[in-house]
Amino acid sequence: MTDRPVLLLVDDEPRMLSALRRTLRREGWTLETASNGSEALARMAESPAVRVVVSDHKMPGMTGVEFLIEARAQHPDSHRILLSGWTSEIQEEELARAGVLAVLAKPWDDAELKQAIRSAMDR
Amino acid sequence: MVERASHRERGTQRSAAPSSTAAKAPSSGLHLGVIRIVVVNPGEDPLGGPAAMSVETTAALARLGDPVEILRAQDEQELASLTADPSIDLVLFDRLDTSDASTLLGAIESDGPPSIVVVDGDSEGEALAAFRAGASDCVHFGPEYDAVLPVVLLEQVQRWRADRQRQVSEQHIKWLEDLYAGIVSEMPAGLVVVDLDGLIVAENPEFERLFPSRSDAIPSGLPGTASGITEFLAARLPIEIMDAVSRAEQPESLATDDPDRHIHELVRVGEDGEEHGELRVYELRYRRLDETGRALIVISDVTEAEWLSDRLESLRRDTRDIIENINSALIVVDLAGRITFANPAAERILGGQDGDLGGRQIEDWFGPAGDVPHPIEECLVSGARSRGAETLLQRGDGQWIPVGISCSPRLDASGQSRGVVAVFQDLSEIKELELQVRQTEKMASIGQLAAGVAHEVNNPMGFIHANLHQMSEYLTDLDKYFEATVRLQQAALEGDLEVIRAAAEDVQAVAREIDLEFVRSDFEKALLESGEGAERIRHIVKDLRDFSRPDMPARTPADVNQAIDSTANIVYTMMKHSVVLEKDYHDLPKIDAYPMQLKQVFMNLLVNAHQAIEAREEREPGVIRIETQEVEGEILIRISDTGVGIPESVRSRIFEPFFTTKPVGAGTGLGLSTSFSIIERHGGRITVESEVGRGTVFEVRLPTTPPKDDAPFDDEAADLARAHPTTS
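For the record, the sequence lines run as chains A and B.
What the first sequence shows, in my numbering, is residues 1 to 123, in sequence order.
What the second sequence shows, in my numbering, is residues 1 to 728, in sequence order.
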């Protein structure tokens, strides 16, 4: 169990986290959740290291992109994916700064989501 | 002359001399006209007046040949006053006592008329005394009296008149000389007289001032005192003026049919630099005075006048160019409301050409006063300026168009109004554009709203979608378990214990494989959560339906709390991450209104509040508070936020159409202006208070009994055609 890579799911909507857990429970990753950016950064400061972060954008406090920019600065080894229904207002330049590997829209396609996380895990 | 004629008539009547005796006059061939004589003789008539003249004197005067006017004096005072009149020709003392004659002679001023004393007989003593007392001559009352007296009298009168004439002429000449000297000296023009050789004969002080002498030793002077001036004109005048003078001296340059033989031209001296001081303009007049070749030259410095006249001309030209070419129509209206001037732009709108609008009444285009605002009429009546008022005007082709108009009274020097200058513009195109932009604004806010709603629906849709997918997998797992239990059931019916055991173990294995416990409980959880998501979507759709119920074509009773709450619920979906929404609603009476339009206002205010909160540096959620209550017959809706606030400098302009502080493309600048119009149409008002860094409070007040005049439903064209108020 301990050597399974850690996937951190960040969303302010508990039902969303619940559905994501359900979808990804059998992929062989350790699933952890946080309901906002600062909570997620606190988790990332602990061990074991978070390998991949999947984050919503619209959240109270810092936005998903702001969180991912900070996450990249503090944990360059982590990989980042944005999952949001509100992607049109995010600027390309910010996405680049956050080093986001994939931007996925809600509602997502299960296979697409799993594939994106898998390829992030393999990097 | 006419006066003299009347004297003659009177004199003839009063004269005791019959006209028949005039023929025997000792004529000198010279007629003197009416001779005015004061006669003094002794004695009184019974009424206290002077006694009648003696028959002899009367006869003698009748022989003069000229009409005579006799005036009488009895004492010194009368005599002094009569002889002060310069038209009195002579005083005749007719045989008075010597002492009386001497006394009376003293009453005549030394420069008064001559006097003749008639003495009795050959009394040399009396005559001597008379001469001593100042008499001009003496005549003896003897046999030749009636022949001698006229001769002596005429001689005295002629001499007196000649003396007087010379005196008057001398005075006149003196006066003319003084006048001439005064004019020459004080004239604001340089005068100079030159001879044929160009030597200055005379000059006046102004000439000296304009063109000072080159040598201090040479005095300047007035005509007559010009001795010693030996300067030549060429030494004093600038070359340009000298050239003009030389041209003037050419005989052919003097028009032969000009009896005065003079020349008048403007001469420019110096360079035309930036400052008009460098270039001077002189007005030169040249007149040949006499055959000796002397000429009078008059030179005035008219630089300032020329400069002013140039400026005036260019100003006039510029003004005309501007008035002719501006796109704004400009008309001048007199006090009777008649057009006295219209520029081409005005003619295009009013339908006239080449000034044929002049004299027509402005009522021909502007509706009768009372129906629509009438700024020109108001300006004529009140004399007050107005700026940018909007009204309607019937164009030359009969079509009514909206115009923006500014009026100023035309005041004369004493401040009395002479009429009005009005400048106006056709606003049709602007109104059309404004309408289009308002439509765009509406679409933009609908788009914003749709995006917010889509996002809000997206979230539950996202997890419902995922859950559905997962539940179908759970179902596949449960199918496996179900098949294993069916096999166990069959084995049990067959009764082979080994087979039963194996089937039971298989059921257990499948349960383990599919994590039956988890699947069972999570299936239920997924179902519950999906149900919850579906419920949330149902709510959003209901809010949307509540919010978007279209207005009826007339006012309908509206629940303002419901209107603002449904709006808040919709708008909140897109701001819930950064905003805490507080609601404090109180019971309100229903009012007749257009609920959809009110919702548009509330949406504008809530979206602005949200943007003000988003614009802050802090990441903590801001607060938007909505309060409703009934206050003194009005419904008060207060929407406050803890956003960045509105700077004082722009606060007065936020209700103006097209005013926006947002970046280009982010706002049309019509949200608050549209809100203002809508609230005004409901008979209410909208106010703002704000503090930079603290937040903003908008207050909307709506009367519980709305105005009767009903504006057409959602007809923004009609709304825009009305005068559009702006806060200022």
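Every residue, glycine too, gets a C-beta built ideally from N, C-alpha and C.
- DSSP places PRO460(B) within a helical segment (H, G or I) once states are collapsed to three.
- The DSSP-derived three-state label of TRP307(B) is helix.
- Three or more beta-carbon pairs drawn from the stretch 415 to 428 of chain B and the stretch 322 to 333 of chain B are found closer than 8 Å, and the two stretches are therefore classed as touching.
- Under the 7 Å criterion on CB atoms, MET461(B) is classed as interfacial with respect to chain A.
- Excluding its 5 nearest sequence neighbours in each direction, LEU528(B) has no C-beta neighbour in its own chain below 7 Å.
- Between ASP195(B) and GLN250(B), the alpha-carbon positions lie close to 14 Å from each other.
- DSSP places VAL281(B) inside the beta strand (DSSP E), whose first and last residues are 280 to 288.
- For the C-beta of GLN470(B), the chain A residues within less than 7 Å are, from N- to C-terminus, ARG22 and THR23.
- In the structure shown, LYS542(B) falls within a helical segment according to DSSP collapsed to helix, strand and coil.
- Non-local C-beta neighbours of TRP365(B) in its own chain, meaning closer than 7 Å and more than five positions away in sequence, comprise LEU350, LEU393 and GLN394, ordered along the chain.
- CA-to-CA, the gap between MET59(A) and HIS577(B) works out to about 6 Å.
- Put simply, of VAL55(B), CYS379(B) and THR556(B) the residue whose alpha carbon is nearest the alpha carbon of THR704(B) is THR556(B).
- Listed in chain order, the alpha helix (DSSP H) runs fully inside the stretch 31 to 88 of chain A are 37 to 44 and 64 to 74, counting runs of at least 4 residues.
- With a contact defined as Cβ atoms closer than 8 Å, GLU532(B) and ARG51(A) miss out at about 31 Å.
- A Cβ of chain A is located within less than 7 Å of the beta carbon of ALA466(B).
- Taking 8 Å as the cut-off between beta carbons, the residues of the stretch 15 to 49 of chain A near chain B are ARG15, MET16, SER18, ALA19, LEU20, ARG22 and THR23, in sequence order.
- Relative to the Cα of GLU27(A), the nearest Cα in the group ARG4(A), SER18(A) and MET44(A) belongs to ARG4(A).
- The shortest C-alpha to C-alpha distance from VAL403(B) to any of ASN327(B), THR58(B) and THR83(B) is the one to ASN327(B).
- Beta-bridge partners of ALA295(B) (DSSP): VAL194(B) and ARG288(B).
- With a threshold of 7 Å between beta carbons, HIS586(B) makes no contact with chain A.
- In this chain, VAL40(B) is not harboured by any alpha helix (DSSP H); it is covered by the beta strand (DSSP E) spanning 35 to 40.
- In the DSSP assignment, ILE376(B) falls within the alpha helix (DSSP H) that extends over 375 to 382.
- Residues of chain B whose Cβ lies closer than 8 Å to the Cβ of GLU13(A) are, in chain order, ASN459 and PHE463.
- Bridge pairing for PRO402(B): LEU392(B) [DSSP].
- Within chain A, the C-beta atoms nearer than 7 Å to that of ASP522(B) come from ARG22, in chain order.
- Counting other Cβ atoms within 10 Å of its Cβ, GLY37(A) reaches 16 or more and is therefore classed as buried.
- Per DSSP, the beta bridge partners of GLN425(B) are GLY404(B).
- Close to chain A, meaning a Cβ-Cβ distance shorter than 7 Å, are the following residues of the stretch 528 to 541 of chain B: GLU529, GLU532 and GLY533.
- Counting along the chain, the unbroken alpha helix (DSSP H) around ARG209(B) starts and ends at 205 to 210.
- Proximity of HIS455(B) to chain A, defined by a Cβ-Cβ separation below 7 Å, is satisfied.
- Contact between the stretch 378 to 392 of chain B and the stretch 289 to 308 of chain B is absent, with fewer than three C-beta pairs closer than 8 Å.
- Taking CB atoms only, HIS374(B) has no neighbour in chain A less than 7 Å away.
- Annotated three-state conformation of ARG21(A) is helix, per DSSP.
- Residues of chain B whose Cβ lies closer than 8 Å to the Cβ of PRO60(A) are, in chain order, HIS577, SER578 and PRO621.
- Around the C-beta of SER690(B), 16 or more other C-beta atoms lie within 10 Å, and the residue is accordingly described as buried.
- When Cβ-Cβ separations below 7 Å define contact, PRO76(A) makes no contact with chain B.
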